[in-house]
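Residue numbers (full-length UniProt numbering): 1 to 292.
A short worksheet on the structure shown next.
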């Protein structure tokens, strides 16, 4: 219950990590929206890393990579890109490895949510290097923004594997986004199900799965009115494919999954599939980090 309780309250400080490129404006807008919604300070960090040898020559690089911009210019651009004033805004400019600098800033400022834009990897199934490092290392929860925000999150799907720990994702989503529609999804990947389960046994399995879901919900500390708006869902298939299809079909704007500080082991749906889910779904993804 300690891990659940520690994640219930909305973040006290948000850190936005930005490289100042055009695709990062969605993350900037979402971070600003959340800071206003929760009335918490917003920190923004821009990391000026040195280009590696095999990248484009300086003359062909984007303007933000042509040498180090001064902190004054960085702050000017960030404040110009913000569409609304943020009451408590602090901007940091750091040097070095981006992931390490982001984590250092989050630790120094006491930020418990890191927001960053989706990277532009070479294939849709791959993660950017910085995002992957943050997924592995960050003790704070991580929000990867893909869609342009128009309002608060309204349609949220939460993944669960029925463990006590995975309740953190559901209780956090309910507390952070109290007005959102909540779908609770368990995805079971059973190879060749149709070859060994006839219709009768398939029905029995479906009943057992839903009974487990109901028991899981009953044991989750949710207010009665919150429990009533949770839609339980049992699906079969690869988690990243099922979630992607659900997001597209239901126009979900956020997927919430849970991760825990146990080395590289992510307790998420069926197995450690967060590295596949984050790039696969077209919606924003919130990785809730439960403190152990």
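Don't be surprised by glycine CBs; every beta carbon is placed ideally from N, CA and C.
- Runs of the beta strand (DSSP E) lying entirely within the segment 83 to 137, each at least 3 residues long, are 89 to 95 and 113 to 117 in chain order.
- Assignment of beta-bridge partners to residue 233 by DSSP yields 185.
- The segment 216 to 234 makes contact with the segment 157 to 177; the number of CB pairs closer than 8 Å reaches 3 or more.
- For residue 47, the enclosing beta strand (DSSP E) starts and ends at 42 to 48.
- Its chain contains 169, 170, 173, 184 and 256 as the residues whose beta carbon lies nearer than 6 Å to that of residue 158, once the 5 sequence neighbours on both sides are disregarded; these appear in chain order.
- Comparing alpha carbon positions, the residue from 44, 230 and 128 closest to residue 88 is 44.
- Taking C-beta separations shorter than 8 Å and ignoring five residues to either side along the sequence, the partners of residue 240 in its chain run 273, 276, 277, 280 and 281, following chain order.
- When only Cα atoms are considered, residue 132 and residue 254 end up about 19 Å apart.
- Assigned with DSSP and collapsed to three states, residue 281 falls in coil, not helix or strand.
- In the three-state DSSP reduction, residue 215 falls in the helix class (H, G or I).
- Partner residues in the beta bridge of residue 257, as assigned by DSSP, are 287.
- Excluding its 5 nearest sequence neighbours in each direction, residue 284 has C-beta neighbours in its own chain below 8 Å: 30, 143, 144, 145, 146, 147, 153, 253, 254 and 255, listed in chain order.
- Beta-bridge partners of residue 17 (DSSP): 45 and 116.
- The Cβ neighbour count for residue 110, taken over all protein chains shown within 10 Å, is under 16; the residue is labelled exposed.
- CA-to-CA, the gap between residue 99 and residue 138 works out to about 9 Å.
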